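First comes the structure, then the notes that go with it.
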Amino acid sequence: MGWPYHLVDLTHDEKHQRRLTLDRYAVYSQLSALVPILAYQLYRLGAWVYSERQRAKVRYSAIPSSPGLKQSRTSTTGAVVRKWRSFVWWLEGEVAPTWGLRIHWIAGTSWMTWLLFLCVHQTGEDYLHITKRFGAVAAAQFPLHYMLAMKSLYSPLNLAFGTSHEELNPWHRLQGRVIYGLLLLHATWYLNYFVQAGVLATRLTTRVVIIGYVAFFLMNILFSASLEKVRRWSYRVFFVVHLTVGMALPPLLFFHASHLRIYVTEALALFIFDIICRKLDTITSYSTITSVPHTKLVKIRVPVPPSKIQRFRDAPGQHVYLQIPPESTPPYSSSPSIYELLYNPFTIASVSNTEVTLVLRTLHGPTTKALEHLSHLSKAHPPLNIEGPIGSSRHFPNLAADYDRILLVAGGVGSTFILPIYQHIRDQLVAESKSPDRVTVIWSMRSSSEALWALDSSSQATSESEEGSSIQDDENVKIFVTGNDSHHGINEPEPEDGSVEMSELSRKEDEVGIRVTERDRPDLGRVVDGVFRKGEEERVAVLVCGPAEMAREMRGNVGRWVGKGRDVWFHDESFGW
Numbered sequence: 127m128g129w130p131y132h133l134v135d136l137t138h139d140e141k142h143q144r145r146l147t148l149d150r151y152a153v154y155s156q157l158s159a160l161v162p163i164l165a166y167q168l169y170r171l172g173a174w175v176y177s178e179r180q181r182a183k184v185r186y187s188a189i190p191s192s193p194g195l196k197q198s199r200t201s202t203t204g205a206v207v208r209k210w211r212s213f214v215w216w217l218e219g220e221v222a223p224t225w226g227l228r229i230h231w232i233a234g235t236s237w238m239t240w241l242l243f244l245c246v247h248q249t250g251e252d253y254l255h256i257t258k259r260f261g262a263v264a265a266a267q268f269p270l271h272y273m274l275a276m277k278s279l280y281s282p283l284n285l286a287f288g289t290s291h292e293e294l295n296p297w298h299r300l301q302g303r304v305i306y307g308l309l310l311l312h313a314t315w316y317l318n319y320f321v322q323a324g325v326l327a328t329r330l331t332t333r334v335v336i337i338g339y340v341a342f343f344l345m346n347i348l349f350s351a352s353l354e355k356v357r358r359w360s361y362r363v364f365f366v367v368h369l370t371v372g373m374a375l376p377p378l379l380f381f382h383a384s385h386l387r388i389y390v391t392e393a394l395a396l397f398i399f400d401i402i403c404r405k406l407d408t409i410t411s412y413s414t415i416t417s418v419p420h421t422k423l424v425k426i427r428v429p430v431p432p433s434k435i436q437r438f439r440d441a442p443g444q445h446v447y448l449q450i451p452p453e454s455t456p457p458y459s460s461s462p463s464i465y466e467l468l469y470n471p472f473t474i475a476s477v478s479n480t481e482v483t484l485v486l487r488t489l490h491g492p493t494t495k496a497l498e499h500l501s502h503l504s505k506a507h508p509p510l511n512i513e514g515p516i517g518s519s520r521h522f523p524n525l526a527a528d529y530d531r532i533l534l535v536a537g538g539v540g541s542t543f544i545l546p547i548y549q550h551i552r553d554q555l556v557a558e559s560k561s562p563d564r565v566t567v568i569w570s571m572r573s574s575s576e577a578l579w580a581l582d583s584s585s586q587a588t589s590e591s592e593e594g595s596s597i598q599d600d601e602n603v604k605i606f607v608t609g610n611d612s613h614h615g616i617n618e619p620e621p622e623d624g625s626v627e628m629s630e631l632s633r634k635e636d637e638v639g640i641r642v643t644e645r646d647r648p649d650l651g652r653v654v655d656g657v658f659r660k661g662e663e664e665r666v667a668v669l670v671c672g673p674a675e676m677a678r679e680m681r682g683n684v685g686r687w688v689g690k691g692r693d694v695w696f697h698d699e700s701f702g703w
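Just so you know, the sequence shown maps onto residues 127 to 703 in my numbering.
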């Protein structure tokens, strides 16, 4: 079967009809995004109804018998539920290490197939029609693409899915690849048309074509800068390119095709709305920055207005975006203006009645290097811009009430996410006169000195609340040291993600007074099995924050128990880009 499309001569009425068809399919492209959103809402409704029915059964029979539990597990409904859990777990797994999740591949392929159908349906044999259709369908996806990138709490998709921007970001990248693929075909086929019609030299000098290919050239730069290798080489380059091109594309597309201006205007409106919301949610505070002794960690204490502090206290494990204003720019910086474009996310390690504390590892980026420099100015209180709090932890279930057993695993500075959640769960259990032994914390670090910040934070919590207690005296917190304490982790090479080494290293006596469980990497398989074997019918929540290798190992070990039908809630807050 040969290529069916060719150049055709159309009358004025036929061209008008083609324009109506192009506009109609562009609308179809945009409205199609409502289908998965509505489908997810129905899924959430069904899950809520099922959960409420299960709660009603528990209330009806508060102390179920063992035969009753076995009958429930072997019933038809129980088998369907187990299969569904295994299927969802499989969907959320990686296709291969670093290749992304299966659900992203399946959804991306399905979405691309649908959009390709919209691009070719009812195009006849008109070559220009299919060429224009690819551009129209792609442009109609821009508002959704910008919406997926919104970080504000008031993002429509954040509200619709009950999630946070970092969980939508993989879908933003996926949508970007889909749009880029459609526009690549649109631009290539238009260039071929100019060649076939013999008007290449003439058309490449017209304003509309020049604007179109400038926009496409910028998209190629954007796509190249978004590759993982580039992001890891220089996140600053990726961020600056992403921001500047993202701001330049809407005006260019606005003047490129008048029929697509509605979609460009929608995208630009969302972009401006997000910026305004984020600016209104940003505070400037005179902060206290200190270094954690014998480590490459920096501790930042940021005062928060009383009107906003409760938002930080509502949910542990949230994060903020930190930006260094010009007045706090280090004098050694050759380009102080670069800091105005950098917004780095850092997890809130602890919250008091008047301030929040951030703990970060200094790597090679300009922001952490600048903060390290400021930490040596002992009497200075440099102003810092803090946006937030935001994060998926705001939408977590009530772990203390809904789960019988909770396992929390942290690698390195991943403890800034894990420890606040643990302290919150522990306080809930103590307040309800329940045993805190239901929670286990595994914290792996390169040097025991890295736990010093947590001792200070827990001591501060103890002084402000009678329920607080030091992790030093908490038997439920297991600390594993994988590095050589004789150097305190200062002269050892840093991992690329600044997290924690997962290899087995030498064992030394502790030099900073930290209670260490073991001087070796934790056996995560044994830890997971120990938690799940404590109760055959218990619901288990597992949270991990650390390097990708740790999260991958944890997921593999937990997956064995999901395959056996166990009810598991798993959350991975691993370091990412």
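Just so you know, even glycine gets a beta-carbon here, dropped at the ideal spot from N, CA and C.
Model, not experiment: these values are computed from the prediction.
Own chain residues within Cβ distance below 6 Å of residue i, not counting five before or after
i: residue 644; result: 606
i: residue 129; result: none
i: residue 297; result: 274
Nonlocal neighbours in the same chain, by C-beta distance under 7 Å from residue i, ignoring five residues either side
i: residue 103; result: With the chain covering only 127 through 703, there is no way to say anything about residue 103.
i: residue 685; result: 215
i: residue 564; result: 530, 531, 532 and 555
i: residue 240; result: 158
i: residue 218; result: 227 and 229
i: residue 689; result: 212
For residue i, the three-state DSSP class (helix, strand or coil)
i: residue 220; result: strand
i: residue 134; result: coil
i: residue 345; result: helix
i: residue 513; result: strand
i: residue 697; result: strand
i: residue 591; result: No answer about residue 591 holds up, because its pLDDT of 48 lies below 50 and its placement is not dependable.
i: residue 170; result: helix
i: residue 608; result: coil
i: residue 668; result: strand
i: residue 400; result: helix
i: residue 350; result: helix
i: residue 388; result: helix
i: residue 313; result: helix
i: residue 486; result: strand
Whether residue i touches residue j by CB criterion (8 Å)
i: residue 535; j: residue 670; result: yes
i: residue 654; j: residue 696; result: no
i: residue 416; j: residue 541; result: no
i: residue 491; j: residue 280; result: no
i: residue 313; j: residue 156; result: no
i: residue 290; j: residue 435; result: no
i: residue 508; j: residue 433; result: no
i: residue 151; j: residue 259; result: yes
Assigned exposure category for residue i - 16 Cβ within 10 Å defines buried
i: residue 205; result: exposed
i: residue 521; result: exposed
i: residue 342; result: buried
i: residue 576; result: buried
i: residue 445; result: buried
i: residue 422; result: buried
i: residue 571; result: buried
i: residue 323; result: exposed
i: residue 169; result: exposed
i: residue 325; result: exposed
i: residue 496; result: buried
Span separating the alpha-carbon of residue i from that of residue j
i: residue 567; j: residue 487; result: 21 Å
i: residue 393; j: residue 553; result: 44 Å
i: residue 543; j: residue 450; result: 22 Å
i: residue 287; j: residue 336; result: 40 Å
i: residue 578; j: residue 418; result: 7 Å
i: residue 403; j: residue 278; result: 6 Å
i: residue 311; j: residue 354; result: 23 Å
i: residue 367; j: residue 351; result: 7 Å
i: residue 678; j: residue 648; result: 14 Å
i: residue 400; j: residue 407; result: 11 Å
i: residue 321; j: residue 699; result: 51 Å
i: residue 484; j: residue 329; result: 56 Å
i: residue 160; j: residue 224; result: 30 Å
i: residue 557; j: residue 359; result: 48 Å
i: residue 383; j: residue 146; result: 15 Å
i: residue 255; j: residue 141; result: 9 Å
Proximal residues to residue i (C-beta, below 8 Å), its chain only, five neighbours per side dropped
i: residue 295; result: 274 and 275
i: residue 299; result: 352
i: residue 511; result: 408, 409, 410, 448, 449, 450 and 451
Any C-beta of chain C under 8 Å from that of residue i
i: residue 169; result: As a matter of chain content, chain C is missing from the structure shown, which is built from one protein chain.
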